[in-house]
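Engineer:
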Amino acid sequence: MDAIARARAHAAYGRTRAAIDLLKPLATGEQPPYAARRALAELYRDLGAPDQAGRWGVVIDGWTSAFERDRLARALIWYHEPRAFLSLAAGAPEPADLPAVLELRGQHGERAEARRRTAAADGKHSPASRAARREEALVAVTAVLVALGAIGPWLALGVVRMLARDPWAAAVMGAGWSLFALGALLMAVHRWMEDRRLGASTWVTLVTAAFAVGSFALAASWTAA
-18 MDAIARARAH AAYGRTRAAI DLLKPLATGE QPPYAARRAL AELYRDLGAP
32 DQAGRWGVVI DGWTSAFERD RLARALIWYH EPRAFLSLAA GAPEPADLPA
82 VLELRGQHGE RAEARRRTAA ADGKHSPASR AARREEALVA VTAVLVALGA
132 IGPWLALGVV RMLARDPWAA AVMGAGWSLF ALGALLMAVH RWMEDRRLGA
182 STWVTLVTAA FAVGSFALAA SWTAA
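Quick note: the sequence shown, position 61, residue 42 per this note's numbering, numbers continuous.
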């Protein structure tokens, strides 16, 4: 059994990695009629990898689909030497479909560059913008921690004491809502500290952690009492 037949047998039993490992060395730099390249391209098509199916199958005139050629064109944006990416032999003829693929590559490249310029103009990818998004994400996490770590135990304890007709229930519920207001205050403090570049995220996180631990400890002591 030759290598291509063995590769197809591997693929039939689900051993696709073994099939690819057998076919790729044969397909790299292969001369026409491209039997190994066709087998490898067919395997990638069956695996749902249109860019790779286009890469290995574009040398066969009319074999690739329009979608596979489009995926190949997108992949080629990052490569200056298409023949090297396609693993063509030095003396192999240029694939008939390659000029159309390169034209598509140019179109995709222009659109990608236009998106990059637009994003740069909007400041979405600037270091300052990325830092701001990280700050906002940390603030959101901090708010959740305030709600779950601090407010939750107080409100839960208040509900329990209210059901038990405890006179302290109203006070405990009020304290819980006070912590909710504290969370809003922390957000305002964060904004002030951020403008003054005082490491807002670190301070907000530390203060939130302290209040969360304190509220858990106080809730536990009241429950024990």
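Each residue gets a CB set at the ideal place from its N, CA and C atoms; glycine is no exception.
Assign Glu11 to buried or exposed, taking buried as 16 or more other Cβ atoms, counted over all protein chains shown, within 10 Å of its Cβ.
Structural biologist: Buried: at least 16 other Cβ atoms inside 10 Å.
Engineer: On the CB-based measure, 16 or more other CB atoms within 10 Å of its CB, does Glu84 come out buried or exposed?
Structural biologist: exposed
Engineer: Is Leu3 closer than 9 angstroms to Arg18 when the C-beta atoms are compared?
Structural biologist: no
Engineer: Can you name, in chain order, every residue of its own chain whose Cβ lies under 8 angstroms from the Cβ of Trp44, other than the five neighbours on each side?
Structural biologist: In the same chain as Trp44, and ignoring 5 residues on each side of it, the C-beta atoms closer than 8 angstroms to its own belong to Arg19, Ala22 and Gly38, in chain order.
Engineer: Under 8 angstroms by Cβ, that's how I've got Arg52 and Asp32 pegged, so tell me the actual separation to the nearest angstrom.
Structural biologist: 4 angstroms
Engineer: Helix, strand or coil: how does DSSP classify Leu207 here?
Structural biologist: The structure shown has nothing for residue 207, since the chain only spans -18 to 206.
Engineer: Secondary structure at Trp59, three-state DSSP: helix, strand or coil?
Structural biologist: For Trp59, the secondary structure class from DSSP, reduced to helix, strand or coil, is coil.
Engineer: Using the rule of at least 16 other Cβ atoms within 10 Å of the residue's Cβ for burial, across every protein chain shown, is Gly35 buried or exposed?
Structural biologist: buried
Engineer: Which of the three DSSP states, helix, strand or coil, is assigned to Asp42?
Structural biologist: coil
Engineer: Whole angstroms are fine: how far does the CA of His(-9) sit from the CA of Trp59?
Structural biologist: Cα-Cα distance, rounded: 32 angstroms.
Engineer: My understanding is that Ala16 touches Ile41, with C-beta atoms under 8 angstroms, so please give their C-beta distance in whole angstroms.
Structural biologist: 10 angstroms between Cβ atoms; not a contact.
Engineer: Looking at the structure shown, is Glu75 part of a helix, part of a strand, or coil, going by DSSP?
Structural biologist: coil
Engineer: What residue range is occupied by the uninterrupted alpha helix (DSSP H) comprising Leu7?
Structural biologist: Thr(-3) to Ala8
Engineer: Would you call Pro76 buried or exposed, if buried means 16 or more other Cβ atoms sit within 10 Å of its Cβ?
Structural biologist: Pro76 should be labelled buried.
Engineer: Which stretch, first to last residue, makes up the alpha helix (DSSP H) that contains Tyr(-6)?
Structural biologist: Looking at the DSSP string, Tyr(-6) is not in any alpha helix (DSSP H), and its letter there is neither H nor E.
Engineer: Looking at the structure shown, is Asp(-17) part of a helix, part of a strand, or coil, going by DSSP?
Structural biologist: It is coil, neither helix nor strand.
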